[in-house]
Amino acid sequence: MPPLDLYLSPQLQQAVVTGLFVAVGWIVVAAQTRRRDAILRRTREGDIQRALLAEIRAHVFALEQQVPSAEDAATLIARIETGDFVPTLPQHANDRIFSAVLTDIHILPAPVIDPIVLYYRLLSIMSALAADLREIARTDGQRAAQMMADYLSLMEETRDTGLQAVRVLTECLRGGPAAVERMLDADDANVLAQMTRQLPAELAELRDRLAARDGVNSRSWDPRGQ
């Protein structure tokens, strides 16, 4: 007589074995489902990053062509200030792909999300500022000139932010989130090293200015006029 027959009837043993097979099947199916979902998520994540990279890179290239030199910017602002010139500003609502994938943006790696969102936020601000500037330029040239200066500054900031988003997306597609973290850590280290190199010279310059100012103040308070 099998040992289990002393404790369980053959029917109960069969039920236990069947239950074990079913439980193992559920575990295997669940593991396969999770693996499939992970593959689909990585595929979707990569597709979103490639699409955003293409959209951002194309517009950053356009911005680089549109940012004027300092002399051209000064001339443009002066013309607007006269009140006789209404600038024709390009529409910067280049966010069709971003709008289409916005509901899935959370699946991207955390280091990638911030520069992307910041870039498109700046684009939105640029578009709103351009619309306001065109209206105000017809009635208030001086205010429009100041807004144009802000617009050009914002254009440069948007370009730089877009370049950073391109760097992050490219690095993430090459090496994943860990590669992005290493790149950002290296950027922080470079900034810190640069500050460390520049700080002594800046402190020395500040001390010289304070010493010169104190010397002027001491002479101005000399009762003998010397």
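Letter 130 of the sequence shown, counting from 1, is numbered 147 in my numbering, and no numbers are missing.
No residue lacks a Cβ here, since even glycine has one placed at the ideal position from N, Cα and C.
Predicted model, so just to flag it, every value in this text is computed and none were measured.
Original post:
To which residues of the same chain is Ala68 closer than 6 Å at the C-beta, ignoring the five residues directly before and after it?
Top reply: Result list for Ala68: Ile114, in chain order.
Original post:
Which residue from Glu72, Ala228 and Ala154 puts its Cα closest to that of Val118?
Top reply: Comparing alpha-carbon positions, the option among Glu72, Ala228 and Ala154 lying closest to Val118 turns out to be Glu72.
Subject >> Helix, strand or coil at Phe102 according to DSSP, with G and I counted as helix >> reply: Coil.
**OP:** Tell me whether Val84 is buried or exposed, calling it buried when 16 or more other Cβ atoms sit within 10 Å of its Cβ.
**Re:** Val84 counts as exposed, since fewer than 16 other C-beta atoms from the protein chains shown sit within 10 angstroms of its C-beta.
**OP:** Please confirm if the stretch 144-158 is in contact with the stretch 90-109, defined as three or more CB-CB distances below 8 Å between the two stretches.
**Re:** Note that the stretch 144-158 touches the stretch 90-109; at least 3 beta-carbon pairs, one per stretch, sit closer than 8 Å.
Original post:
Is the beta carbon of Thr175 less than 8 Å from the beta carbon of Tyr136?
Top reply: Their beta carbons are under 8 Å apart, which means Thr175 touches Tyr136 by this criterion.
Subject >> Given 8 Å, three or more beta-carbon pairs between the stretch 121-129 and the stretch 190-208 >> reply: Touching, per the Cβ criterion.
**OP:** Under 8 Å Cβ to Cβ from Arg172, same chain only, skipping five residues before and after it: list those, please.
**Re:** The question names Arg, but residue 172 is Met in the sequence shown. Correct list, in chain order: Leu80, Gln83, Val84 and Met143.
**OP:** Jot down the residue ranges of each uninterrupted alpha helix (DSSP H) in the stretch 69-101, minimum 4 residues, whole runs only, in chain order.
**Re:** The qualifying runs are 87-98.
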